[in-house]
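Student: Just dropping this structure here.
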Amino acid sequence: MTTSASRFGAIPEAAVDTAAGHLRDTLTIAIEHRPPHAALIVYDTRTDLNRALTEAYRRAAPDARFIDFDATTPDAVLALFDQLHAGDLVVLVQSTSFRMDAYRIRIELFKRGLKVIEHVHLSRMPGAQGLHYIDSLAYDPAYYRGVGHALKQRIDRAQHGMVDTGNGERLVFASPFEAAKLNIGDYSGMTNIGGQFPLGEVFTEAQDLEAVSGRARIHVFGDTKFLVNRPATPLTIIVDQGRVVGTENSTPEFDNMLAIIREHEGEVWLRELGFGMNRAFSRERMVDDIGTYERMCGIHLSLGAKHGVYTKPQLKRKDARYHIDVFAVTEGVYLDDQRVYQDGAWRLA
């Protein structure tokens, strides 16, 4: 017995139904989109995943207006934006990233008081990776809001922390942390509603960057094309006073990344401490787009002086060029000596 091929290529019809359910939950619970507010979905059809997600939105938001970006002009899309009112929703389903000259779409839409859901660089997640992406869109409010807020509370009151990356390699944060930021689908008290999907992250950094030292095993890093690079075996970064001063078991690609940062910034700072929460991604279950994989359940760090959220007196924003995500082998995470991550999950009971 044979089955007919899906009209979405590598994405079976059942997965589109699953995606529609996830998006319905996101629209209802996280974004709180409801009548009389309008919704505009701007999409392209260049990949299987684009077509599948667009169809999922047709099922989840049947009253929305749909526009094919490739079948119209940027001016026509901008004219549709002009027809929307504060509280309306714009969804962007993009194989790469829609370009409208100097128009920064999400930022400009937020300025108008619009809600925004942005799916970006879907072409970087071909084949079965599209199924992982669909799974990552599941919205469990009890998990995201419960664990997310609990993590923020622990981070904000912690005086120090430590990441155990296995094989005796530990990265120590001998400093309190900056106020943690949430990307958990809870926008209460926030100016903007929405952002880049999937959800699932709490992030911070040390108040005193120079109080970060130790060693961390890295199993994935972002390359110069913003794609996941996974060495055959984890490499180790050596951190002293907040800077990467050496490596072990490195690769030419990682060495090149560090060289690029040093060429422009002089040294390699370690900044972001990201607590990824999305259970659709793991060390074994990956997607190629680094901005999506960043939500992986576990710890990620950033290399380079750039971090748009927090300012530091010794780092001038105009000189900071790089923010390279690297993913630590996460055996354990400790805040004030209390373990909050174990066996692949956050433990905050």
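Read left to right, the sequence shown gives residues 217 to 565 (our numbering). All C-beta atoms in this analysis are idealised placements derived from N, C-alpha and C, irrespective of residue type, glycine included. Please read all numbers here as calculations on a predicted model, not as lab measurements.
1. Under 7 Å Cβ to Cβ from HIS181, same chain only, skipping five residues before and after it: list those, please.
2. Note down the Cα distance separating TYR526 from GLU421, rounded to an integer number of angstroms.
3. On the premise that ALA432 lies in contact with VAL455, defined as a C-beta separation below 8 Å, what is that separation, rounded to the nearest angstrom?
4. For ARG281, collect the residues of the same chain with a Cβ closer than 8 Å to its Cβ; drop the 5 residues on either side in sequence, then sort them by chain order.
5. Identify every residue that forms a DSSP beta bridge with GLU417.
6. What three-state label does DSSP hand THR463 in the structure shown?
7. Secondary structure at GLY237, three-state DSSP: helix, strand or coil?
8. How about GLN375 and PRO392: are their beta carbons less than 7 Å apart?
9. Helix, strand or coil for PHE442? Go by DSSP, reduced to three states.
10. Please report the distance separating the alpha-carbon of LYS532 from that of ARG446.
11. Exposed or buried, what is MET502 when buried is set at 16 or more other beta-carbons lying within 10 Å of its beta-carbon?
12. From what residue to what residue does the alpha helix (DSSP H) around ALA268 run?
13. Around the Cβ of ARG487, are there at least 16 other Cβ atoms within 10 angstroms (buried) or fewer (exposed)?
14. Using only alpha-carbon positions, find the residue among ALA544, ALA561, ILE477 that is nearest to THR387.
15. Please state whether DSSP places PHE326 in a helix, a strand or coil.
16. From ASP559, TYR360, GLY482, ILE227, pick the residue whose C-alpha is nearest to that of TYR349; which is it?
17. Taking 8 Å as the cut-off, does the stretch 345-361 touch the stretch 490-504 (at least 3 CB pairs, one atom from each stretch)?
Tutor: On the basis of the supplied data:
1. Residue 181 falls outside the range modelled here, since the chain spans only 217 to 565, and no answer is possible.
2. 8 Å
3. 7 Å
4. ALA254, ALA255, LEU256, ILE257, LEU296
5. ASN399, GLY492
6. strand
7. helix
8. yes
9. coil
10. 31 Å
11. buried
12. 264-276
13. buried
14. The amino acid at residue 387 is misidentified as Thr; the sequence shows Leu. It is ALA544.
15. helix
16. ILE227
17. yes
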